[in-house]
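In what follows, a structure is listed as structure tokens, so that the remarks can point back to it.
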Amino acid sequence: MWQSFSRLACWLCLLLVGKYKAANQRAIQTLEKYGATLMEVDVDGTISYPEPQVIAKDNADKHSRPKPISIEEEQFMRVFYENKLQEVCKNFHFPHKVQATALIYFKRFYLQWSVMQHHPKNIMLTCIYAACKIEENHVSAEELGKGISQDHQMILNNEMIVYQSLEFDLIVYAPYRSIEGFIDDMGEFCAINDDRLQILQKLLHGAKMEVDKIMLTDAPLLFPPGQLALAALRSANQVHKVVEIPEEHSLSSEF
């Protein structure tokens, strides 16, 4: 069963890579056609492409055209702005569920688009705004923009294109709630006293920090929240040693 799971994970990884390559190639084709890639988005979600360059000047301007970025460079940019997204959420004291939802929105958006077509900073802020709405932690676009010295109209302009790119599938399940459920079950099952309960809370905190790291990878697009929560708990437990796991009890044996 472990081999089947590994094959499935490899297949899903290849599927993600294929989507990133396709988005990158579409952006390169736009660059070749228009001489630019960045799109203008109206508040109703309408996209405006750059004006095509004059054909007579095409050969003369080729050397001065911007160069497309590689898939690896796109990944670096996405990770950079995912870290920024977490920083913004922490500065606004948003709950973990808002941060996780915004990150998933951001990741799913760039399965459809290249960072060359829509600036990650704009999409990052719009994803936070949308996540606050769906998670009932509403913050106005004006308040969000003012808090980070950005024009709130940009957030509103990009809101519809984000929803469209997500195909209006806005419900997100994050590992944080699963971790809390596992910790509660451990406490009830083991009948932990007050001293051990404090250690269990440290495990909870450590596991959430591990999830914060996991959320910056492609794992949330590949695995269900429960598996990510168990992986985070296992990693945190190596530090806090709340549960004794025999060395021979490897991950492969669990499957």
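The letter at position 251 of the sequence shown is residue 242 when you use the working numbering, and the numbering goes up by one with no holes.
All C-beta atoms in this analysis are idealised placements derived from N, C-alpha and C, irrespective of residue type, glycine included.
No experiment lies behind these values; they were computed from the predicted model shown.
Taking all protein chains shown into account, do 16 or more other C-beta atoms lie within 10 angstroms of the C-beta of residue i, making it buried, or fewer, making it exposed?
i, result
"Q90", "buried"
"H109", "buried"
"L191", "buried"
"Q229", "exposed"
"P211", "buried"
"L188", "exposed"
"F85", "buried"
"E126", "buried"
"V34", "exposed"
Whose C-beta lies closer than 7 Å to the C-beta of residue i among residues of the same chain, with five residues either side of it excluded?
i, result
"V79", "I119, I139"
"E73", "L94, F97, L207"
"W104", "A14, S156"
In its own chain, which residues sit with a C-beta less than 8 Å from the C-beta of residue i, not counting the 5 before and 5 after it?
i, result
"K199", "H87, Y167, I170, A223"
"K75", "K112, M115"
"L22", "T28, R56, P57, P59, M107"
"I46", "In this predicted model, I46 has a pLDDT of only 48, less than 50, meaning its place in the structure is not dependable; the value taken from the coordinates is given anyway. Cβ within range, chain order: n/a, list empty."
Give me, in chain order, the residues of the same chain whose beta-carbon lies closer than 6 Å to that of residue i; leave out the 5 immediate sequence neighbours on both sides.
i, result
"V106", "E65, M68"
"K10", "L102"
"T117", "I146, N149, E150, V153"
Under the three-state reduction of DSSP, which class applies to residue i: helix, strand or coil?
i, result
"V32", "strand"
"S105", "coil"
"I95", "helix"
"I62", "helix"
"I38", "strand"
"T208", "coil"
"L196", "Note that residue 196 is His in the sequence shown here, rather than Leu. Looking at H196 - three-state DSSP - the assignment turns out to be helix."
Alpha carbon to alpha carbon, how far is residue i from residue j?
i, j, result
"L213", "A93", "17 Å"
"N149", "A122", "14 Å"
"V202", "V130", "24 Å"
"L7", "L102", "8 Å"
"K12", "E63", "10 Å"
"Q141", "G178", "45 Å"
"I146", "G136", "8 Å"
"L219", "F173", "12 Å"
"G217", "Y25", "45 Å"
"P215", "Y164", "8 Å"
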